[in-house]
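Residue numbers for the sequence shown follow our numbering, so the first one is 554 and each next one is one higher. All residues carry an ideal CB built from backbone N, CA and C; glycine is no exception. The structure displayed is predicted, hence computed values, not measured ones. A quick write-up on the structure given underneath.
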Amino acid sequence: MFDPLETQRLIIRQFEPDDWAAVYEYTSDPEVMAYIPGGQFTQDQARAFVTKSIGEHAEEFAVMLKDESKLIGHMVFHPWFAPRTNEIGWVFHRAYQGKGYATEAALALLDYGFTVLQLHRVIATCQPENPPSFRVMEKIGMRREGLFQKCIYRGDDQWWDECFYAILEDEWLKKGTHGSK
Ligand SMILES: CC(C)(COP(=O)(O)OP(=O)(O)OC[C@H]1O[C@@H](n2cnc3c(N)ncnc32)[C@H](O)[C@@H]1OP(=O)(O)O)[C@@H](O)C(=O)NCCC(=O)NCCS
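Next comes the structure, spelled out in structure tokens:
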């Protein structure tokens, strides 16, 4: 069970069935979904996304803005291909980008991952053409470990490159105390 995480401005919590409309609001925006495989959601895809994200094996979490009680995006956080290893990711409503919310939510999840789940390593990936995403990775202390060239097939003979970032438990602990509040 994932207990909500509270930061200075945000609450990160499990999705609830009624969240789908708020999710559709930003996942139907082609600009927001430009680097998400599969692209923009239909209403049915937003409903399906929320439905599959509910429960103890949830891999995505809603991000609520405390002041406005508004769902402004979601965080991805789930086990990856090695013991005690998770992948982290983020998608936010365009109107709420550039205010440090993804960084704030990511720091809270790293804190939860390394202290509560006792993870060994957290990884993240993004396209090199998406600096807002890799800036978040850099701001939360992740290192760029590599650039995979033309590794994601987009159809029509189009391929995406992918940057790979990670942070180890030791590196997180060396950064000092990262309370989620
Ligand atoms: C990636 C995303 C989640 C970042 O969310 P956010 O809340 O805006 O992130 P933050 O405000 O914490 O940080 C964004 C950083 O990117 C920087 N940035 C934004 N646009 C930039 C650009 N074009 N070039 C360089 N840096 C840029 C910001 O200045 C900020 O860095 P700074 O604090 O050093 O100034 C958001 O842009 C988003 O939802 N994008 C669409 C979905 C997406 O692509 N998700 C990632 C898939 S891998």
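Residue burial classification, residue i (beta-carbon count within 10 angstroms, cutoff 16)
i      : result
Asp572 : buried
Lys734 : At Lys734, the pLDDT of 40 sits below 50, so the modelled position is not reliable; the number obtained from the coordinates is stated separately. By the 10 Å Cβ count, Lys734 comes out exposed.
Val744 : Lying outside 554 to 734, the shown extent of the chain, residue 744 is not represented and no answer is given.
For residue i, the residue or residues it bridges with in DSSP
i      : result
Phe645 : Gly626
Ile589 : BP columns for Ile589 are empty, so no partner.
Gly651 : For Gly651, which the question treats as bridged, DSSP gives no partner whatsoever.
Phe566 : At residue 566 the sequence reads Arg, which differs from the Phe that was named. In the DSSP output, where bridge partners are listed per residue, Arg566 has Ala615.
Enclosing alpha helix (DSSP H) for residue i [first to last residue]
i      : result
Ala599 : 596–605
Asp620 : It is not in any alpha helix (DSSP H) - Asp620 carries neither H nor E in the DSSP assignment.
Of the residues the options, the one placed nearest residue i, counting alpha carbons only
i      : options                        : result
Lys556 : Gly592, Ile607, Arg600, Ala599 : Before going on, a small fix: residue 556 reads as Asp here, not Lys. With distances taken between Cα atoms, Asp556 lies closest to Ile607.
Leu624 : Lys703, Tyr649, Trp633, His610 : Tyr649
Met554 : Gly642, Gln561, Asn683, Phe568 : Phe568
Thr656 : Lys692, Val616, Ser622         : Lys692
Thr638 : Glu682, Ala719, Arg674, Ala658 : Arg674
Leu663 : Gly694, Tyr654, Pro685         : Gly694
Phe717 : Tyr579, Ile565, Ser581, Gln680 : Gln680
beta-carbon residue i near ligand 3 non-hydrogen atom, thresh 7 Å
i      : result
Thr580 : The model on display carries ligand 1 but not ligand 3.
Residue i, enclosing beta strand (DSSP E) - first and last residue
i      : result
Asp714 : 711–721
### Every unbroken beta strand (DSSP E) inside the segment 659–697 [3 residues or more]
674–679
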